[in-house]
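FYI, our numbering numbers position 94 of the sequence shown as 381, with every residue one higher than the one before it.
The beta carbon of each residue, even a glycine, is placed where N, CA and C say it ideally should be.
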Amino acid sequence: MKTKKVLLGLALTAVILGVCSCKNNTEVVLPEVTKVIGIENGATDVDPTQVSVIDVRFSKAMDRNYSTFWRFDDTADEIYYAGWVNDYTYRFEVFLTYDTSYSFSFCEEGPDVNKEELYLRDTEGNYLKRYSIQFSTIKSPTTHPHNYVLKLSEDLKEEYAVKLQDNSEYNPNTQQAVVNLKYYLNHDKVKKGDTVEIPYKIKSNYDLHNIKVNLVDTSSAANYWKLLTSTTTHDVILADELKASTPDQDYYKEGTLKFTIDDDMIIRFGLQIYADYGENFDNKDLVNIIYVPIPANTAQ
């Protein structure tokens, strides 16, 4: 009888120790990136014309209320969508450029980073460890100097309005807007010696005068403002005078803007449209420029 009690006691002790041991050895399973689809992480030979989507797959269901990532190069214009496709897949939709290095990171560490608000996590609240995606694209097959013809108005299906913004903080009595043109370079970068032509047809709801344009790079790598056009072809006149269109009558101006590139583009490429109304400018309305579609067979 005594032997049975001892054996029973040992058995209960083993069960208790087993239960305790299981609880103590239970580890939190953190989410991980299992696959990057669209490019090979670390690749140096990515063809930008062949990549429009990059998918990042995770090992666990993720909390889709959190979707922040960090970008370590100046490619804001090249990601036109970033977010969750489903609980396991995060997607970048991109328009990549030749001869460019890219680096995206999830859950980046830093003194000013609020993990609770920004870190990706699974549905159980476990943070993803820092994960970086890095790759670079091949050089462009385009030979330079090259003449680029950017047919904005040909590609338009409907009228496209650009509203200028007040720029008096930097230049008194001026307005400006910058229109992103990278798409029209077909993944290229303009370089010194290139020429750029932009056929256009415009109208406005305001009387226009002294409207000028330039080609600029507004990336942080260019200190947010780099004039790409040469001194002989900058401040090109888009509209010296143009009457405001009315419900009964449209007034158009059309032609072809021509630029010579004087400095290599780094990563961004835009058309600066600006108005300088002089010291006696009283009308503070923000003007608009409406680009009108041009049928392909009539583009200048």
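Integer Cβ distance of residue i from residue j, believed to fall under 8 Å
{"i": "Leu544", "j": "Val523", "result": "5 Å"}
{"i": "Asp475", "j": "Tyr389", "result": "Contact doesn't hold; Cβ gap of about 16 Å is too wide."}
{"i": "Leu495", "j": "Ala526", "result": "5 Å"}
{"i": "Tyr422", "j": "Val333", "result": "For clarity, residue 422 is Phe in the given sequence; the question names Tyr instead. With 8 Å as the limit, Phe422 and Val333 qualify as a contact, their Cβ atoms being about 5 Å apart."}
{"i": "Lys488", "j": "Val338", "result": "No, Lys488 and Val338 are not in contact; Cβ-Cβ is about 34 Å, not under 8 Å."}
{"i": "Leu383", "j": "Thr424", "result": "6 Å"}
8 Å Cβ shell around residue i - same chain, five flanking residues per side excluded
{"i": "Arg378", "result": "Val340, Ile341, Asp342, Val343, Tyr368, Ala369, Gly370, Trp371, Val372"}
{"i": "Glu395", "result": "Trp357, Arg417"}
{"i": "Arg408", "result": "Pro318, Met349, Asp350, Tyr353, Tyr414, Leu415"}
Close beta carbons around residue i, own chain, < 6 Å, minus the five adjacent residues each side
{"i": "Ala509", "result": "Ile553"}
{"i": "Arg351", "result": "Trp371"}
{"i": "Thr410", "result": "Ala348, Asp350"}
{"i": "Ser506", "result": "Asp361, Ile553, Ile554, Arg555"}
{"i": "Lys469", "result": "Asp364, Phe556"}
Buried or exposed (CB count within 10 angstroms, at least 16 for buried), residue i
{"i": "Gln536", "result": "exposed"}
{"i": "Phe359", "result": "exposed"}
{"i": "Ala330", "result": "exposed"}
{"i": "Gly397", "result": "exposed"}
{"i": "Gly412", "result": "exposed"}
{"i": "Arg555", "result": "buried"}
{"i": "Ile324", "result": "exposed"}
{"i": "Glu446", "result": "exposed"}
{"i": "Pro459", "result": "exposed"}
{"i": "Gln462", "result": "buried"}
{"i": "Val381", "result": "buried"}
{"i": "Ile576", "result": "buried"}
{"i": "Tyr561", "result": "buried"}
{"i": "Val483", "result": "buried"}
{"i": "Tyr457", "result": "exposed"}
{"i": "Val400", "result": "exposed"}
Residue i beta carbon near the ligand NAP (any heavy atom closer than 7 Å)
{"i": "Lys347", "result": "Looking at this structure, you won't find the ligand NAP or any other ligand, since it has none at all."}
Sequence-distant residues of its chain with Cβ nearer than 7 Å to residue i (five each side left out)
{"i": "Val503", "result": "Val465, Trp512, Lys513, Leu514, Leu515, Gly557, Gln559"}
{"i": "Lys540", "result": "Ile489, Ala526, Leu529"}
Residue i at chain D interface by Cβ criterion, 8 Å
{"i": "Val483", "result": "Of the protein chains in the structure, only one exists, and it is not chain D."}
- Item | Whole runs of the beta strand (DSSP E) within the stretch 459–504, excluding any shorter than 3 residues | 461–467, 482–490, 495–504
- Message: Threshold first: 4 residues or longer. Then list the alpha helix (DSSP H) segments lying entirely within the stretch 432–458, N to C.
- Response: 439–442
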